[in-house]
Amino acid sequence: MGLFESLPAEVSLYEVSLRDGLQNERATVILRDKLRLADALANAGLKRIELTSFVSPKWIPQLADADEVSRHVSRPPGVMWSALCPNARGLERARAVGIEEIAVFISASETHNLRNVNKSVAKTLEAFHEVIAPALASGLRVRGYVSTAWGCPYEGAIDPGSVVDVARSLLAQGCYQVSLGDTIGCGTPRQTRDLLALMFREFQVPQLALHMHDTRGTALANVLVGLEMGVRDFDSSVGGMGGCPYAPGAAGNLATEDLVYMLAGMGVGTGIDLEKIVEAGRVAESLVGRVLPGKVHQAGIRGLRA
Ligand code: HMG
Ligand code: MG
79 MGLFESLPAE
89 VSLYEVSLRD
99 GLQNERATVI
109 LRDKLRLADA
119 LANAGLKRIE
129 LTSFVSPKWI
139 PQLADADEVS
149 RHVSRPPGVM
159 WSALCPNARG
169 LERARAVGIE
179 EIAVFISASE
189 THNLRNVNKS
199 VAKTLEAFHE
209 VIAPALASGL
219 RVRGYVSTAW
229 GCPYEGAIDP
239 GSVVDVARSL
249 LAQGCYQVSL
259 GDTIGCGTPR
269 QTRDLLALMF
279 REFQVPQLAL
289 HMHDTRGTAL
299 ANVLVGLEMG
309 VRDFDSSVGG
319 MGGCPYAPGA
329 AGNLATEDLV
339 YMLAGMGVGT
349 GIDLEKIVEA
359 GRVAESLVGR
369 VLPGKVHQAG
379 IRGLRA
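Residue numbering for the sequence shown follows our numbering, beginning at 79 and increasing consecutively.
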């Protein structure tokens with residue numbers, strides 16, 4: 079089958095700027111401004127938005143206001159606010175403020191996992207029994223992340239087999255979907271094809287998402303490979319904000335505007351209004367006080383439409 083012969087009519091985007099973006103910004107954004115960005119994202123048509131993290135405020139001070147943000151965020155119909163949640167304490171906090179979906183996170187790399195959550199991969203998976211099953215029992219949806227799926231800042235190359243193993247455990251524990259993280263944005267298209275071919279031997283399309291960081295400019299190319307191979311869920315961050323405090327060199331996530339622009343041009347719907355998401359990017363930029371790296375964010379869309 080030739081290239082682009084099996085493109086879907088629609089894919090689902092999962093917005094991570096309020097969490098992945100802000101966790102790595104020097105500026106501490108105040109509650110009212112986070113809510114302004116949340117409204118702008120929802121107004122642009124995003125339906126799945128990661129709002130914050132219920133982690134230790136000592137580890138991630140930028141998201142120390144997770145409880146307040148969740149309590150005050152507006153709840154437009156059809157918008158699912160999600161939040162990172164590493165342990166039972168996080169789940170308790172998420173439940174108390176009416177979060178409907180949580181995301182657990184773990185790395186395929188032992189060293190990155192240790193730096194990120196202070197535990198081995200095996201111990202982290204074991205500890206998730208205190209998070210995932212109780213969350214499901216109280217009616218929450220649970221998503222999972224496998225970080226460093228393309229490479230690790232400490233260990234280098236990662237065995238794709240270990241990515242499959244960790245994803246299998248997350249799905250077996252009840253995650254509805256596993257998002258594969260290119261944490262340091264080192265992946266290239268052939269590697270993406272090989273990794274996804276391995277994953278699709280065992281997992282179904284709705285069970286996999288791609289979470290690409292754009293550190294080396296390969297995020298969109300990897301998304302395109304994913305799209306061709308059947309992936310229908312993609313994570314992105316407005317303006318290309320983002321990174322990981324425990325992954326030196328990790329730059330921003332793939333920019334939502336770049337993804338929406340490319341997909342729209344190929345006839346793949348996202349439900350997101352390009353002009354409004356560009357406006358949301360302006361809001362994001364005004365909050366963090368630095369020029370955001372997204373390409374469409376910087377180039378704008380003026381003059382592109384008849
Ligand atoms: P720890 O120090 O091993 O845990 O941290 P602990 O149980 O010993 O607790 C230490 C302190 O944290 C205690 O407070 C706890 O109460 C508190 P103290 O007694 O010292 O005052 N604590 C909490 N406070 C609030 N909420 C909680 C909570 N849990 C413990 N839920 C822990 C373990 C996981 C908590 C810590 O390592 C942590 O918070 N890490 C943050 C990790 C993180 O958020 N990383 C960035 C997100 S992952 C990412 O960006 C990658 C991703 O985007 C995908 C990709 O790109 O690949 C998802
Ligand atoms: Mg990330």
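From the three backbone atoms N, C-alpha and C, an ideal C-beta is built for every residue, glycine too.
Model, not experiment: these values are computed from the prediction.
- Non-local beta-carbon contacts of R97 in its own chain, meaning distances under 8 Å to residues more than five positions away in sequence, involve E128, L129, T130, S131, L141, A161, L162 in chain order.
- Using a Cβ distance threshold of 9 Å, N300 and D313 do not count as a contacting pair.
- Per DSSP, M340 is not a residue of any beta strand (DSSP E); the alpha helix (DSSP H) it occupies stretches across 334 to 343.
- Short note on V94: C-beta closer than 8 Å to some heavy atom of ligand 2.
- Measuring C-alpha to C-alpha distances from S364 to each of S90, I108, G80, E83 identifies I108 as the nearest.
- Just measuring C-alpha positions, the residue of D311, S216, T296, H190 sitting nearest A172 is S216.
- G176 and M158 have their alpha carbons spaced roughly 11 Å apart.
- In the structure shown, A287 adopts extended strand secondary structure according to DSSP, grouped into three states.
- By the Cβ rule, the segment 245 to 254 does not count as touching the segment 265 to 274, because fewer than three pairs are nearer than 8 Å.
- For M319, the secondary structure class from DSSP, reduced to helix, strand or coil, is coil.
- Check the Cα spacing between A118 and each of S134, R310, T348, A358: the tightest is with A358.
- Burial is judged here by how many other beta carbons sit within 10 angstroms of a residue's own beta carbon; P139 has fewer than 16 and is exposed.
- Taking 8 Å as the cut-off, one finds no heavy atom of ligand 1 near enough to the beta carbon of N300.
- Look at G239 here: in three-state DSSP terms it is helix.
- Relative to ligand 2, the beta carbon of T261 is positioned inside 8 Å of a heavy atom.
- Distance from D351 to A120 at the Cβ level is roughly 11 Å; contact not present, criterion being Cβ atoms closer than 8 Å.
- Rounded to the nearest whole angstrom, the C-alpha separation of V195 and R380 is 43 Å.
- At the C-beta level, L192 and A245 stay beyond 9 Å of one another.
- Rounded to whole angstroms, R104 and V369 show a C-alpha spacing of 13 Å.
- Counting of Cβ neighbours within 10 angstroms places S152 among the exposed residues, the total staying below 16.
- Closest by C-alpha distance to H291, out of G343, D243, T226, V242, is T226.
- Assigned with DSSP and collapsed to three states, D98 falls in helix.
- For T130, the pairing in a beta bridge is given by DSSP as A161.
- With respect to R149, E178 sits apart: the two C-beta atoms are not nearer than 9 Å.
- Counting only runs of 4+ residues, the alpha helix (DSSP H) found wholly inside the segment 171 to 231 occupies 188 to 195, 199 to 205, 210 to 215, in chain order.
- A straight line joining the alpha-carbon of M277 with that of V242 spans about 6 Å.
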